[in-house]
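First comes the structure, then the notes that go with it.
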Amino acid sequence: MRLPSDPSALYQELRAAHGPVAPVLLDGDISAWLVLGYRELHQVTADPALFSRDAELWNQWPRIPDDWPLLPVVGRARPPVPHPAGEGRTRRAAMIADALTAVDPARLQGYAERFADALVDGFCARGAADVIREYATLLPVRVLAAVFGFPPEEGPGLAAAVNGDGGTDGGQGLARAVARLLERRRRTPGQDIASRLLASPEGLPGDEIARDLTSLLTAGHQPTADWIGNSLRLMLTEDRFAASLFGGRRSVVEAMNEVLWEDTPTQNVVGRWASRDTLLGGRRVRAGDLLVLSLAAANSDPGIRADRTVPTGGNAAFFSFGHGAHRCPFPAREIAEVIARTAIEVILDRLPDLDLAVPPQSLTRHPSPWLRGLSALPVRFTPTTVVGPEH
108 MRLPSDPSAL YQELRAAHGP VAPVLLDGDI SAWLVLGYRE LHQVTADPAL FSRDAELWNQ
168 WPRIPDDWPL LPVVGRARPP VPHPAGEGRT RRAAMIADAL TAVDPARLQG YAERFADALV
228 DGFCARGAAD VIREYATLLP VRVLAAVFGF PPEEGPGLAA AVNGDGGTDG GQGLARAVAR
288 LLERRRRTPG QDIASRLLAS PEGLPGDEIA RDLTSLLTAG HQPTADWIGN SLRLMLTEDR
348 FAASLFGGRR SVVEAMNEVL WEDTPTQNVV GRWASRDTLL GGRRVRAGDL LVLSLAAANS
408 DPGIRADRTV PTGGNAAFFS FGHGAHRCPF PAREIAEVIA RTAIEVILDR LPDLDLAVPP
468 QSLTRHPSPW LRGLSALPVR FTPTTVVGPE H
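108 is the number of the first residue of the sequence shown in my numbering; add one for each residue after it.
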């Protein structure tokens, strides 16, 4: 499944040709269903018994080679590696949600402001920057690392590893950093996510906690970075947002909300597997079939949004964080929102005449059907002074 840089027209074509559930081919001509309809996506995500997260059910495993490029997207190794499900998954998800909920909002905001200022200090005197490379792709992982319990000096290295700038050792370096963190927190617990997971009454093995921390860090970073970039792009290219850059915070929140409807960072998600034969959107789905959830297509479904020119305002009925039992945990969403909002507010406060340095139509996106973010966002502004660590 390959998508153009602007997939909205393709979603419309698929919907017109196939309805709310379209047959698609993944890499290697592996068949799957793409769920485009808002109601159908709601149905799938609200029924975990019929549409399971258990990839063991997949009827295509005999055709999947060991080097299939989408194995990381499926999110597991081939059978028979166990995959947590049922009550165990629910308890584990609750444990993670509890650890995230305990994050102090004031401390989170402080980390976000401090690291955002430090990053702006790195380019504010130049009068020009690439907001993606020099800001958006560096900030979320630095803030997440701090609330996870990593020492500040490890933040830049973690950012390089998560962004794939660490070469072939990137993933291994991240794993070693997480292992060191857990060892430190076993000896000296703190008020951080790693310490809370280690102290959980669930008593998970250290390797499982390490995997959870690594997944939380990587899964929380890139969508938040893209949320920052996509929101800034909207505010710098749409007059209704640009006109209010100098006043209030409402425009920032509205832009972020509109991005979740129109330009959501998480476009498509793998996925769900049918536990038995069923009908969905008029399609006969067989037991073991894979359903790819198109969050972006559902958000633009004309059945629920007949006129997409109407501003979304504060409407939060989007699917950008998923839905149902396996949606993004609410505390994780709150953490991402604080980081993204703070990032946007800080750069607009520090560089009030921030403006796009290239024609809007020249901006390009990462070539991915899963995440939607900018490759670069060149900006210009009046050079200003560094505020320093005491700001």
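For each residue, glycine too, the CB sits at the ideal point set by N, CA and C.
Indicate the three-state DSSP secondary structure (helix, strand or coil) for D224 in the structure shown.
helix
Using the three-state DSSP reduction, which class does R378 fall into: helix, strand or coil?
Here the sequence assigns Gly to residue 378, which means Arg is not the residue at that position. G378 falls in the strand class under three-state DSSP.
Take P212 as the anchor and find which of I442, P467, V493 and I451 has the nearest alpha-carbon.
I442
Assumed close pair V131, L141 - CB separation to whole angstroms, cut-off 8 Å:
5 Å
V514 bridges to which residues according to DSSP?
No answer is possible for residue 514: the residues shown for the chain start at 108 and end at 498.
Out of G144, D319, P296 and Q298, which one is the CA nearest neighbour of L526?
Shown here, the chain extends from 108 to 498; a query on residue 526 therefore has no answer.
So for L246, helix, strand or coil by DSSP?
helix
For L117, the first and last residue of its enclosing alpha helix (DSSP H):
S115 to H125
Counting C-beta neighbours from all protein chains within 10 Å, is the total for V465 16 or more, i.e. buried, or is it exposed?
exposed
Short of 6 Å in beta carbon distance, which residues of its chain neighbour I411, apart from the five on each side in sequence? Order them along the chain.
Y145
Quick check on the burial criterion: 16 or more other C-beta atoms within 10 angstroms. Buried or exposed for T295?
exposed
From this set, L289, R293, L251 and L400, which residue's C-alpha is nearest A332's C-alpha?
L251
Going by C-alpha to C-alpha distance, which of L121, L143 and D134 sits closest to N375?
L143
Note down, in chain order, each residue of its chain lying with its Cβ closer than 6 Å to the Cβ of D384, except the 5 sequence neighbours on either side.
R393 and A394
What are the boundary residues of the alpha helix (DSSP H) that includes T385?
Element bounds for T385: not the alpha helix (DSSP H) but the beta strand (DSSP E), T385 to L387.
Kindly confirm or deny that the segment 250-268 and the segment 473-485 touch, where touching means at least three C-beta pairs closer than 8 Å.
no
Grab me the residues of H473's own chain with a C-beta within less than 7 Å of its C-beta, minus the 5 sequence neighbours each way, in chain order.
G480 and S482
Who are the near neighbours of F426 in its chain, counting only those whose CB is closer than 7 Å to its CB and skipping five residues on each side?
L148, L402, A405 and N406
What whole-angstrom Cβ distance do R303 and A206 have, given they're in contact under 8 Å?
4 Å
Can you check which of these residues, D154, P127, A301 and S469, is closest to A381 by C-alpha distance?
D154
Whose CA, out of T244, Q150 and F158, lies closest to the CA of H328?
T244
Identify every residue that forms a DSSP beta bridge with A236.
V486
Unbroken alpha helix (DSSP H) run spanning V453, endpoints:
F437 to R457
Please report the straight-line C-alpha distance between V563 and L484, rounded to a whole angstrom.
Limits of the chain in this structure are 108 at one end and 498 at the other, which puts residue 563 out of reach.
Look up T373 in the DSSP assignment and give the residues it is bridged to.
L478
Beta-carbon separation of D299 and F348 under 8 Å?
no
What's the gap between the Cα of R390 and the Cα of V128?
7 Å
With a threshold of 8 Å, are at least 3 pairs of Cβ atoms found where one atom belongs to the segment 445-463 and the other to the segment 227-238?
yes
Rounded straight-line distance, which links the Cα of N270 to that of P186
Because P186 sits at a pLDDT of 42, beneath the cut-off of 50, its placement in the model cannot be relied upon, and the following sentence gives the value as read from the coordinates. When rounded, the distance between both Cα atoms is 29 Å.
Check for me: the beta strand (DSSP E) holding L56 runs from which residue to which?
Only positions 108 to 498 of the chain appear in this structure, which leaves residue 56 out of reach.
N-terminal and C-terminal residue of the alpha helix (DSSP H) that R499 is part of:
The requested residue 499 is not part of the displayed model; the chain covers only 108 to 498.
What is the residue span of the beta strand (DSSP E) that R390 lies within?
R390 to V392
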